[in-house]
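To convert, take the position in the sequence shown, counting from 1, and add 13; that gives this note's numbering. Below is one structure, written out as structure tokens, with a few remarks after it.
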Amino acid sequence: MSHSRPSFDSLPLRADGPPGNAWGLYGASDQLGTLNLLTPARIAAAAAAEIRDGTRVPTDWPLDSMQPPAFGRQPFHHQIVHKWPPRPVNDDVVTFNTQSSTQWDGFRHYGSADGRFYNGTTQEQIMTTDEMGTHAWVETGGIVGRGVLLDWAAWAERQDRKVDVHSSHAITAAVLDEVAASQGIAAFLPGDILFIRTGFTESYDRMAAEARAALTKDYAPDSIGLESSRETLRWLWDRGFAAVAGDQPALEALPFPKHEHVLHEWLLPGWGMPIGELFSLKRLSEACAEKKRWTFFFTSMPIYVKGGVASPPNGIAIF
């Protein structure tokens with residue numbers, strides 16, 4: 014079967030699937046989606062071009078950062094177990110929801126409006142098999158390739174644009190192009206891993222505990238994010254990203270609109286494109302600004318859980 018990439022206007026590929034789906038592009042049993050774009054040749058080229066001085070920058074927020082977590086999720090808990098007193102031997106037990114802090118949303122997380130997941134996987138399969146689990150990403154070597162940061166927060170500051178990141182401000186595709194141009198990014202490469210910094214996690218870190226609790230008391234906080242629109246979807250598809258991530262709770266602005274262009278419904282069940290949320294991107298922004306380049310080598314190894322729905326990324330940007 015040919016894996017040549019169809020145009021956005023040719024979607025959906027399967028007439029019985031949800032709007033804009035790319036089901037079957039990589040085969041009927043595919044479990045990697047757009048991660049298929051991370052070929053050995055592209056990874057090798059990215060490593061050769063991007064790793065120059067060995068600077069490493071982590072991209073994970075601490076697991077206990079959002080307390081209480083959004084969307085009614087289970088809070089983080091860390092217990093130290095002193096096993097054999099008085100000997101100095103300890104274990105620890107960590108309990109957390111995999112989507113309570115920095116996360117990759119996997120293909121089991123969010124289904125289409127008709128109840129199906131990537132490549133037509135059903136809820137029954139989600140509950141009774143390991144189909145479409147994040148373990149498939151681990152078994153093929155993780156999410157590794159060229160990363161690109163679009164630093165919207167730094168761009169907005171230079172433009173003297175005062176935007177409340179705790180509002181449902183929507184960042185359009187046209188603005189993403191402006192940010193890219195301001196950073197000297199003339200083009201993206203197939204298989205790029207896109208990061209978009211808005212400053213959300215930084216703003217949250219500055220809040221008092223009472224304000225944090227108020228932010229998530231109503232299940233999901235209003236937040237800045239990408240515009241949920243056909244234009245944004247076209248922009249993402251045409252650039253051939255392997256995955257896309259931001260530092261806000263849902264990548265796209267919250268609350269979701271009530272129309273058919275919700276990014277979660279197209280990217281996860283439709284294209285099989287991992288969505289990253291609540292990434293910690295301040296240090297990455299500072300490194301990019303210091304080096305005057307916004308591309309880098311990126312590695313991410315999710316936790317190895319058979320049938321996993323989502324995972325902390327354990328991400329590292331390397332310059």
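The beta carbon of each residue, even a glycine, is placed where N, CA and C say it ideally should be.
Backbone secondary structure at residue i - three-state DSSP
{"i": "residue 195", "result": "helix"}
{"i": "residue 40", "result": "strand"}
{"i": "residue 118", "result": "strand"}
{"i": "residue 321", "result": "coil"}
{"i": "residue 15", "result": "Reliability of the predicted coordinates at residue 15 is poor, the pLDDT of 46 falling under 50, and no value is obtained from them."}
{"i": "residue 130", "result": "coil"}
{"i": "residue 276", "result": "helix"}
{"i": "residue 283", "result": "helix"}
{"i": "residue 49", "result": "helix"}
{"i": "residue 308", "result": "strand"}
{"i": "residue 60", "result": "helix"}
{"i": "residue 259", "result": "strand"}
{"i": "residue 186", "result": "helix"}
{"i": "residue 313", "result": "strand"}
{"i": "residue 24", "result": "coil"}
{"i": "residue 141", "result": "helix"}
{"i": "residue 228", "result": "helix"}
{"i": "residue 84", "result": "helix"}
{"i": "residue 300", "result": "helix"}
{"i": "residue 200", "result": "coil"}
{"i": "residue 31", "result": "coil"}
{"i": "residue 171", "result": "helix"}
{"i": "residue 55", "result": "helix"}
Bounding residues of the beta strand (DSSP E) (the contiguous stretch that carries residue i)
{"i": "residue 93", "result": "90-95"}
{"i": "residue 69", "result": "69-71"}
{"i": "residue 332", "result": "From DSSP, residue 332 is part of no beta strand (DSSP E); its letter is neither H nor E."}
{"i": "residue 163", "result": "156-164"}
{"i": "residue 207", "result": "206-210"}
{"i": "residue 113", "result": "Counting along the chain, residue 113 falls outside any beta strand (DSSP E), and DSSP gives it neither H nor E."}
{"i": "residue 108", "result": "103-108"}
Paired residues, beta bridge with residue i - DSSP
{"i": "residue 77", "result": "Bridge partners of residue 77: none, in fact."}
{"i": "residue 236", "result": "267"}
Beta-carbon gap between residue i and residue j smaller than 9 angstroms
{"i": "residue 246", "j": "residue 266", "result": "no"}
{"i": "residue 205", "j": "residue 253", "result": "yes"}
{"i": "residue 65", "j": "residue 332", "result": "yes"}
{"i": "residue 262", "j": "residue 55", "result": "no"}
{"i": "residue 264", "j": "residue 258", "result": "yes"}
{"i": "residue 337", "j": "residue 17", "result": "The requested residue 337 is not part of the displayed model; the chain covers only 14 to 332."}
{"i": "residue 124", "j": "residue 280", "result": "no"}
{"i": "residue 80", "j": "residue 108", "result": "no"}
{"i": "residue 213", "j": "residue 260", "result": "yes"}
{"i": "residue 273", "j": "residue 126", "result": "yes"}
{"i": "residue 210", "j": "residue 294", "result": "yes"}
{"i": "residue 147", "j": "residue 244", "result": "no"}
{"i": "residue 133", "j": "residue 30", "result": "yes"}
{"i": "residue 74", "j": "residue 291", "result": "yes"}
{"i": "residue 140", "j": "residue 130", "result": "no"}
{"i": "residue 84", "j": "residue 112", "result": "yes"}
{"i": "residue 51", "j": "residue 197", "result": "no"}
{"i": "residue 53", "j": "residue 35", "result": "no"}
{"i": "residue 91", "j": "residue 70", "result": "no"}
{"i": "residue 207", "j": "residue 167", "result": "no"}
{"i": "residue 297", "j": "residue 135", "result": "no"}
Range of the contiguous alpha helix (DSSP H) that encloses residue i
{"i": "residue 176", "result": "It is not in any alpha helix (DSSP H) - residue 176 carries neither H nor E in the DSSP assignment."}
{"i": "residue 213", "result": "213-219"}
{"i": "residue 245", "result": "243-251"}
{"i": "residue 290", "result": "First-last for residue 290: 288-290, but that is the beta strand (DSSP E), not the alpha helix (DSSP H)."}
{"i": "residue 149", "result": "148-152"}
Short CB-CB distance (under 9 angstroms) between residue i and chain D
{"i": "residue 160", "result": "Checking the listed chains, one finds no chain D in this structure; it contains a single protein chain."}
Touching or not, the segment 282-295 and the segment 31-50, by the rule of three or more beta carbon pairs under 8 angstroms?
-> yes
Contact the segment 310-324 vs the segment 119-131: 3+ CB pairs below 8 angstroms | yes
If you pair each beta-carbon of the segment 295-310 with each one of the segment 162-180, do three or more pairs fall below 8 angstroms?
-> yes
When the Cβ atoms of the segment 219-238 are set against those of the segment 166-182, are three or more pairs found closer than 8 angstroms?
-> yes
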